[in-house]
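Input: a single structure, listed below in structure tokens.
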Amino acid sequence: MKKVSDSLKINVEVMDQEDVIVVRQEIRQLMRGLGFSLMDQTRVVTAVSELARNIIVHAGQGRVEAYQVIDQHRIGISCIFTDEGPGIHDVQKALEPGFSTANSMGIGLGGAKNLCNEFDIESALGKGTKVTITEWLK
Amino acid sequence: MSEIEKKTAELLKKNEKQIHELWKTLLIAKAKNLVEMIGLDRMKENTLEVLGQFSALLSSGTDIQMDDYRQMRKILGDLSKDLTLKNMSPSETATFIFSLKDAIVPVFQKEHKDDRLLMDYILVINRVIDQLGLYTFEVYLESRESLIREQQQAFMEVSVPVVKIWDRILMIPLVGMLDSTRTQLMMETMLTSLEDNQANVAILDISGIPVVDTLVARHLVTAASAAKLMGAECIITGIRAKISQTLVQLGVDLSGFSTCSTLADGLRMALASTEQRIG
Ligand SMILES: Nc1ncnc2c1ncn2[C@@H]1O[C@H](COP(=O)(O)OP(=O)(O)O)[C@@H](O)[C@H]1O
Ligand SMILES: [Mg+2]
Numbered sequence: 001m002k003k004v005s006d007s008l009k010i011n012v013e014v015m016d017q018e019d020v021i022v023v024r025q026e027i028r029q030l031m032r033g034l035g036f037s038l039m040d041q042t043r044v045v046t047a048v049s050e051l052a053r054n055i056i057v058h059a060g061q062g063r064v065e066a067y068q069v070i071d072q073h074r075i076g077i078s079c080i081f082t083d084e085g086p087g088i089h090d091v092q093k094a095l096e097p098g099f100s101t102a103n104s105m106g107i108g109l110g111g112a113k114n115l116c117n118e119f120d121i122e123s124a125l126g127k128g129t130k131v132t133i134t135e136w137l138k
Numbered sequence: 001m002s003e004i005e006k007k008t009a010e011l012l013k014k015n016e017k018q019i020h021e022l023w024k025t026l027l028i029a030k031a032k033n034l035v036e037m038i039g040l041d042r043m044k045e046n047t048l049e050v051l052g053q054f055s056a057l058l059s060s061g062t063d064i065q066m067d068d069y070r071q072m073r074k075i076l077g078d079l080s081k082d083l084t085l086k087n088m089s090p091s092e093t094a095t096f097i098f099s100l101k102d103a104i105v106p107v108f109q110k111e112h113k114d115d116r117l118l119m120d121y122i123l124v125i126n127r128v129i130d131q132l133g134l135y136t137f138e139v140y141l142e143s144r145e146s147l148i149r150e151q152q153q154a155f156m157e158v159s160v161p162v163v164k165i166w167d168r169i170l171m172i173p174l175v176g177m178l179d180s181t182r183t184q185l186m187m188e189t190m191l192t193s194l195e196d197n198q199a200n201v202a203i204l205d206i207s208g209i210p211v212v213d214t215l216v217a218r219h220l221v222t223a224a225s226a227a228k229l230m231g232a233e234c235i236i237t238g239i240r241a242k243i244s245q246t247l248v249q250l251g252v253d254l255s256g257f258s259t260c261s262t263l264a265d266g267l268r269m270a271l272a273s274t275e276q277r278i279g
């Protein structure tokens, strides 16, 4: 998988709910431009909403980046969510439905994984969390 | 109180008339908008008042947070608030007090050019006027913020309209972002309207919500549960196929609630449950 076209790149610092809205809009626009269907846009933007809000709720602040990617015959979009928050103690558990340390629904992280083609998470206690999602154009 | 401050106050008093004239001239020439906004009479009155206060206060100290400066702060604060409401910019607003420097310095330079302490007097003047300028800014920002808060409040209130679409049936179209504050307001509005209209069904239409994620879902569930507790039913409409698929994948379970894809379906459902028919 190769990252392409820096001009299509989104790079937004997120600190509050308003930033989440901006990120969602920009990613939707990027996807529309790449020719993704409305259904794909809806799924990915919902995942983006969950992951960006997790940054705000669980880590305080962070960054969302998105760019076009290419892989042999396909093009797609990757979104990266990074923060330097507390990290996740047990990632496996955090992905289970209903697990929440914030007393909320606890389905955002696992849900986001279900909503996208690819999902990758790295987290280190005390260091932060990085989630990458990728969606391919069919 | 230091000797310098006392001496500065004396000079100010002595040249008050001349400074006042120059200050007014400067304001009229350089801050036309401001003078127009507050009016010539009030400008004359305020400048005279500030100047009078200034020379009287200098001899008690140069810290404008002191109690003695209360009246001075009030004059400038009121002016600042007024100008905020009139949409003047913060720098235009601060011009009022900052231009006093430009009125004092030349007069001092002309009248006391041989005084070796001239620089010191000017420093005293600057110290006080700078603080007053900052104070003007602060009041300006505060009133701006409260103005914005009020407008947001007003906007939020109109943004949760309740439409009585049928006997005992209400419809609430939700648009934009459904954050906690909006949800709270929506719920209050919904519950009071249910009661006021003796309605049994509230239709929440979410077609105007751009992204339905777990937070929105949670808010909807909370609202629907509150309606249930009041003995009313809540029907959520506008859950189009794309959204319902997404919700399933996300793991949101709305099966305990009545949901429909279109408002028309929702109304049909509401009519059935209130045992009413069209026509
Ligand atoms: N960026 C993050 N930093 C730290 N912890 C996180 C982050 N994202 C998720 N988590 C942890 O994973 C849990 C599950 O996340 P999620 O499924 O979105 O549920 P919720 O946000 O409702 O708690 C959270 O409660 C939190 O403990
Ligand atoms: Mg979450």
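In the order they appear, the protein sequences are chains A and B.
If you count by full-length UniProt numbering, then the first sequence holds residues 1 to 138, one letter each, in order.
If you count by full-length UniProt numbering, then the second sequence holds residues 1 to 279, one letter each, in order.
Cβ coordinates follow ideal geometry from the N, Cα and C atoms, glycine included.
Of all residues, those with a beta-carbon under 5 Å from at least one heavy atom of ligand 2 are N54(A) and G108(A), reported in chain order. When G61(B), D253(B) and M190(B) are compared, the shortest CA-CA separation from Q131(B) is found for G61(B). Going by beta carbons, L220(B) and L204(B) fall inside the 8 Å limit.
M177(B) reaches chain A at Q17 and I21, counting residues in chain order whose Cβ is nearer than 8 Å. Within its own chain, the residues whose Cβ lies closer than 7 Å to the Cβ of N197(B), once the five positions on either side in sequence are excluded, are K164 and L170, listed in chain order. Between A66(A) and C79(A), the C-beta spacing is below 8 Å. Shortest gap from the CB of T129(A) to any heavy atom of ligand 1: under 7 Å. N197(B) carries a coil assignment under DSSP once its states are collapsed to helix, strand and coil. Under the three-state reduction of DSSP output, N46(B) falls in the helix class. Burial is judged here by how many other beta carbons sit within 10 angstroms of a residue's own beta carbon; E188(B) has fewer than 16 and is exposed. No Cβ of chain A is located within less than 8 Å of the beta carbon of G256(B). Rounded to whole angstroms, the gap between the alpha carbons of E145(B) and Q29(A) is 32 Å.
M88(B) sits in coil when the DSSP states are folded into three classes, being neither helix nor strand. Close to I243(B), with beta-carbon spacing below 8 Å, are these residues of chain A in chain order: T42. With its beta carbon less than 8 Å from one in chain A, R218(B) belongs to the interface. For E16(B), the uninterrupted alpha helix (DSSP H) run begins and ends at E16 to K30, by DSSP. Just measuring C-alpha positions, the residue of L191(B), A270(B), M37(B) and V175(B) sitting nearest T84(B) is M37(B).
Under the Cβ distance rule, P97(A) counts among the residues neighbouring chain B, one pair being separated by less than 8 Å.
Contacts with chain A (Cβ-Cβ distance below 8 Å) from the UniProt domain "STAS" (159-270) of chain B involve M177, D179, P210, V211, V212, D213, T214, L215, A217, R218, K242, I243, Q245, T246, Q249, L250, G251 and V252, listed in chain order. Residue pairing for A124(A): DSSP places it in a beta bridge opposite G128(A). Considering only beta carbons, the part of the stretch 44-62 of chain A lying closer than 7 Å to chain B consists of V45, T46, S49, E50 and R53, in chain order. Placement of the Cβ of I88(A) at a distance of less than 7 Å from at least one heavy atom of ligand 1 is found.
Spatial neighbours of A9(B) in its own chain (CB-CB distance under 6 Å, excluding positions within 5 residues in sequence) are listed in chain order as S55, L58 and S59. Non-local beta-carbon contacts of V23(A) in its own chain, meaning distances under 7 Å to residues more than five positions away in sequence, involve V12, V14, V48, A52 and V64 in chain order. The residues I4, K7, T8, L11, F108, H112 and D115, in chain order, have a CB closer than 8 Å to that of Y121(B) in the same chain once the five nearest residues on each side in sequence are set aside.
Q276(B) sits in coil when the DSSP states are folded into three classes, being neither helix nor strand. L34(B) is positioned such that its CB atom lies no closer than 8 Å to that of D102(B). Taking one beta carbon from each stretch, the stretch 69-85 of chain A and the stretch 236-252 of chain B have fewer than 3 pairs nearer than 8 Å; the two do not touch.
In the DSSP assignment, T82(A) is bridged to R63(A) and K130(A).
For N11(A), the enclosing beta strand (DSSP E) stretches over residues I10 to V14.
CA-to-CA, the gap between L178(B) and V216(B) works out to about 6 Å.
Listed along chain B, the residues sitting closer than 9 Å to M39(A) by beta-carbon distance are A241, K242, Q245 and T246. Selection Y140(B), Q53(B) and Q71(B) evaluated against K86(B) yields Y140(B) as nearest (Cα-Cα). For ligand 1, no non-hydrogen atom lies closer than 7 Å to the CB of H219(B). Under DSSP, the beta-bridge partners assigned to F119(A) are I133(A).
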